[in-house]
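Numbering (my numbering), first residue to last: 1117 to 1442.
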Ligand SMILES: Cc1cc2nc3c(=O)[nH]c(=O)nc-3n(C[C@H](O)[C@H](O)[C@H](O)COP(=O)(O)OP(=O)(O)OC[C@H]3O[C@@H](n4cnc5c(N)ncnc54)[C@H](O)[C@@H]3O)c2cc1C
């Protein structure tokens, strides 16, 4: 199938449900960093059926694919992404159903994690208050077991629905996902070929005022520590408690003298040294190469001074430029 035929087929699938298909789409438009070269083909889908069909067309054409949530934890290379990028906007959220002394909630993987946290708090459901400041979709939250302020997805997730190319549907229990600190069988590659379509949660019945109060309190804390500007949240995971005497990544980066350090259009935040920013008048000056250079520098200095090997939380995607991997 030629590229034109692929695009024509994709359009016939997604446009009826409000999706779009574009060629040579700059990924900088679809990442919170505002960085990233072009995707060969970009398709935005708004329902589960279109998602499956688009994946199948890509597979039939032998094209690589990348599933995009909100692009809030990725650094896309300046050379862009070969094949099809599929942005999953299938985001329906079901009604809360009583389940013993808890409630059960079903949502599609393209739903906003922060949006769901706020909506459930307003309904007086407890369990997701810590997630109200985390950007991204539920699909991305599964991949990294997203978490904050002592909570993480594993605390409330019951199961996920997934499929792989060819339609092999599987419901997977949360216990089968290897959810750990900012990682899962998805990040470890065991489930890397599977696409998450739906999630089931168990939440507690509670009081809306208390839940919304907790969100406001955590929002205030986040405002105090998080910098403004285009970024992808924490660049590195915090080292394990027994490494670096329990010091977090931001402290190590600060100690090696990199607070505010700049390479090209990328800068380590003055406010929070585990946040790297795309700076410049419009927040769009950095290349992926600039960010990678800053990441490499921080890792090198921390390894030399503390003997600690910082692990990236942010995922590199696509090509750096000139065909090199990012
Ligand atoms: C300002 C800021 C603050 C942040 N704060 C936090 C925080 O407090 N805690 C935290 O944990 N994270 C935080 N993050 C990181 C980020 O928000 C989370 O990692 C989030 O869960 C990523 O979701 P996403 O939809 O943006 O994923 P993307 O970045 O779009 O994708 C990430 C990975 O998930 C895969 N993926 C996405 N959807 C699916 C799917 N349906 N099926 C299979 N694979 C899929 C992608 O292919 C990719 O490999 C922050 C980011 C920013 C920008």
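Every residue gets a Cβ at the ideal spot worked out from N, C-alpha and C, and that includes glycine.
Exercise. Can the beta-carbon of residue 1163 be found less than 8 angstroms from the beta-carbon of residue 1223?
Worked result: no
For this session: Taking 8 angstroms as the cut-off, decide whether the C-beta atoms of residue 1353 and residue 1310 are in contact.
Result: no
For this session: Can you tell me which of 1145, 1152 and 1134 puts its alpha carbon nearest to the alpha carbon of residue 1403?
Result: 1152
For this session: With a threshold of 7 angstroms, establish whether the CB of residue 1385 neighbours any heavy atom of ligand 1.
Result: no
Problem set entry | residue 1139 (DSSP reduced to helix, strand or coil) | strand
For this session: Run the CB neighbour count on residue 1306, radius 10 Å, all protein chains shown included, and call it buried at 16 or more, exposed below.
Result: exposed
For this session: Return the Cβ separation of residue 1227 and residue 1184 in integer angstroms, given the expectation that the two are a contact with Cβ distance under 8 angstroms.
Result: Actually they do not touch by this definition, with Cβ atoms about 15 angstroms apart.
For this session: Check whether the Cβ of residue 1207 lies closer than 7 angstroms to any heavy atom of ligand 1, and answer yes or no.
Result: no
Problem set entry | residue 1251 CB to nearest heavy atom of ligand 1 below 7 angstroms | yes
Problem set entry | Segment contact, 8 angstroms Cβ cut-off, at least three pairs: the stretch 1273 to 1283 with the stretch 1164 to 1175 | yes
Exercise. Any idea what DSSP makes of residue 1369, helix, strand or coil?
Worked result: helix
Problem set entry | Test: residue 1436 CB closer than 8 angstroms to a CB of chain C | Checking the listed chains, one finds no chain C in this structure; it contains a single protein chain.
Exercise. Does ligand 1 have a heavy atom nearer than 7 angstroms to the CB of residue 1299?
Worked result: no
Exercise. So residue 1200 is in the beta strand (DSSP E); what residue range does that whole segment cover?
Worked result: 1197 to 1204
Exercise. Can you tell me the Cα-Cα spacing of residue 1411 and residue 1390, whole angstroms?
Worked result: 10 angstroms
Exercise. Which one of 1180, 1246, 1231 and 1401 has the shortest CA to CA distance from residue 1434?
Worked result: 1180
For this session: Output the boundary residues of the beta strand (DSSP E) element that contains residue 1432.
Result: 1431 to 1433
Exercise. In this structure, does DSSP put residue 1128 in helix, strand or coil?
Worked result: helix
For this session: Leaving aside the five residues before and after residue 1241 along the sequence, list all residues of the same chain whose C-beta is less than 8 angstroms from its C-beta, in chain order.
Result: 1212, 1219, 1221, 1319, 1320, 1321, 1322 and 1327
For this session: With a 10 Å radius around its C-beta and 16 neighbouring C-beta atoms as the bar for buried, classify residue 1214 as buried or exposed.
Result: exposed
Exercise. Quick one: what does DSSP say residue 1233 is sitting in, helix, strand or coil?
Worked result: helix
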